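Protein chains in written order, with the working numbering: chain A, 79 to 421; chain B, 30 to 178; chain C, 344 to 459.
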């Protein structure tokens, strides 16, 4: 069997799967942000007409998946796998969304890196010949995350500068073995790194080494420089984490200045309450679906590297004073008309 | 290198710290002073009024009851968390903040039911305050009564 | 005049706690716990009583005052009941605040939903 790998650990696709549709559903605050008009649906309030925020998050994820399927014109019967994950305990938003779908389901957890994990696994399934169409999705909700990871939402505590604001958003994409859309060219699956950051209010710094490690491995495996990409997106390092990541990469001789953008800094007008930036599974997923995806599809961006990063801690491990392990997955996407095999 | 040794980790921690935006200590302190002072003034107004009607201990107790109501009501309206967000300790330290710490989980976990949600979670934040307050008061009282008579 | 003292002392105590939070990057919950304990110690040293006399609600309203009430209650009851007063005094002196928290906490949970 031919091994579809390049370098030490990057998977390359000889027949590149295409992302044939993408959809996003966001909360009111995200709808008012600079990307507001680009999202498919904006909820009027954080409850989206539901009785609880958990139900609201599930509803948003279901709407996003329904929309992505509708855009691709593919019904449940023709989707071979549904891959999804979120931040809540036992990934309930994803499982409860899957309950309403007649699609074999694989639940994922990668914190904010989940969308990268889902696209990577979906591409493997398609390239391996196990699927024609795969639905990949993830979601997060500010208030469900607040009450799970921090304090009750009405508790009057002061947010601190390095902390990040969990986004209320869900997004889904359909990956397919055929059809028109940005193509998944290569995937570098991240290694779990831990540089000893234990402050749950500073996830950007905790995730930066994972991002740097994955970027370094991806570029050296592919024999590329940062300039070979029109843009490299990190999935929510925030202001603090972005600075740390760029510094770490510079030490390894890689300069991302000018190419790097952080999705956590794109979704909101940066009012003081947002602190270091946005985060959450839904952040990188919705920014990808609403902004990055159309730009690669239209050819405005020819080749981008999407690197969602996830902090893999839990409230329990934080209370036990454990440091925060992190992971980042790199997904290289190319303009569909570049054709098979890339440049 | 996915999990470096202690020396590198300490070095990275220092590096990460250097990228933090410094906390706006001056602004925070000023806001805490103004808001905390204002809440205490409200309490004093209530206390002064009650002192014209009843003895001192009763007036003091009734003042704290009134302030707890105020904090609870503002939490119910969804205002107190906003005050806390910019006033920090100015909102958290007065007894209204204690009320906020009781009411916010009570409201938050209503959707999980009135027994295991509201009632069980009510003292999630305030419980430690009562426990350590009582224990330290006990220790101090024992010292006062039996050691330093 | 007491109004001004209440404002200044109450504000100063909150500002002090804020400085501690910002300088040590402590979790607010720890500071609240510490404040009660420090209030109890200051009360035991005989320092907090005079502050309450001077600033009224300005000293009684912040959580330090809660610790002070606990100690005052224990010492009072110990005067009447001996050592057993340690078991009754603390919560007796703070009963109104705690009961109010339970009553209004429950009431608000019935009446309102969190807005996020």
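Cβ atoms here follow ideal geometry from the backbone N, Cα and C, with glycine treated the same way. For clarity, every value in this text was computed on a predicted model and none was experimentally measured.
The straight-line gap separating the alpha-carbon atoms of residue 116(A) and residue 390(A) is approximately 30 Å. A residue is called buried when at least 16 other Cβ atoms come within 10 angstroms of its Cβ; residue 236(A) meets this threshold and is buried.
Against chain B, the CB of residue 241(A) has no partner CB under 8 Å away; the residue lies outside that interface.
In the structure shown, the three-state DSSP call for residue 405(C) is strand. If the five residues before and after residue 99(B) are omitted, its C-beta is found closer than 7 Å to the C-beta atoms of 125, all from its own chain and listed in chain order. At a cut-off of 8 Å between C-beta atoms, residue 123(B) does not count as an interface residue with respect to chain A. For the segment 219 to 243 of chain A, the set of residues with a beta-carbon nearer than 8 Å to any beta-carbon of chain C comprises 220, 221, 224, 230, 231, 232, 235, 236 and 238, in chain order.
Against residue 274(A), the close residues of chain B are 32, 33, 35, 37, 38, 39, 41 and 42, in the order they occur along the chain (beta-carbon pairs closer than 9 Å).
Between residue 317(A) and the set 354(A), 327(A), 276(A) and 332(A), the nearest pair of CA atoms involves 354(A).
Between residue 356(C) and residue 407(C), the C-beta spacing is below 8 Å. Residue 97(A) has its alpha-carbon roughly 8 Å from the corresponding atom of residue 258(A).
Identification of chain A residues near residue 109(B) by a Cβ-Cβ cut-off of 9 Å yields 232, 233 and 234, ordered along the chain.
DSSP places residue 211(A) in the strand class (E or B) of the three-state scheme. Taken through DSSP and simplified to helix, strand or coil, residue 83(A) comes out as strand. DSSP places residue 85(B) in no beta strand (DSSP E) but in the uninterrupted alpha helix (DSSP H) bounded by 85 to 105. Here residue 413(A) is near residue 380(A), since their CB atoms are less than 8 Å apart. Look at the segment 369 to 386 of chain C: the residues with a C-beta under 8 Å from a C-beta of chain A are 371. Closest in alpha carbon position to residue 112(B), among 67(B), 35(B), 36(B) and 43(B), is 67(B). Below 8 Å, too few C-beta pairs join the segment 293 to 311 of chain A and the segment 63 to 77 of chain B to call them touching: fewer than three.
The three-state reading of DSSP puts residue 121(A) in coil, since its state is none of H, G, I, E or B. Between residue 81(B) and chain C, the shortest Cβ-Cβ separation is not below 8 Å. Interface residue (Cβ-Cβ distance to chain A less than 8 Å): residue 459(C) is classified as such.
Neighbours of residue 126(B) across chain A, judged by C-beta separation under 8 Å: 234. In the three-state reduction of the DSSP assignment, residue 231(A) falls in the coil class.
By the CB criterion at 8 Å, residue 452(C) and residue 136(B) fall inside the cutoff. According to DSSP, residue pairing for residue 184(A) in a beta bridge involves 161(A). In the structure shown, residue 383(A) adopts extended strand secondary structure according to DSSP, grouped into three states.
Distance check between residue 339(A) and each of 289(A), 295(A) and 277(A) places 289(A) closest, using alpha-carbon atoms only.
The segment 172 to 186 of chain A makes no contact with the segment 221 to 233 of chain A: fewer than 3 CB pairs, one atom from each, lie closer than 8 Å.
DSSP places residue 353(A) outside both helix and strand once states are collapsed to three, so it counts as coil. Ranking 414(C), 369(C) and 373(C) by CA distance to the CA of residue 384(C) puts 414(C) first.
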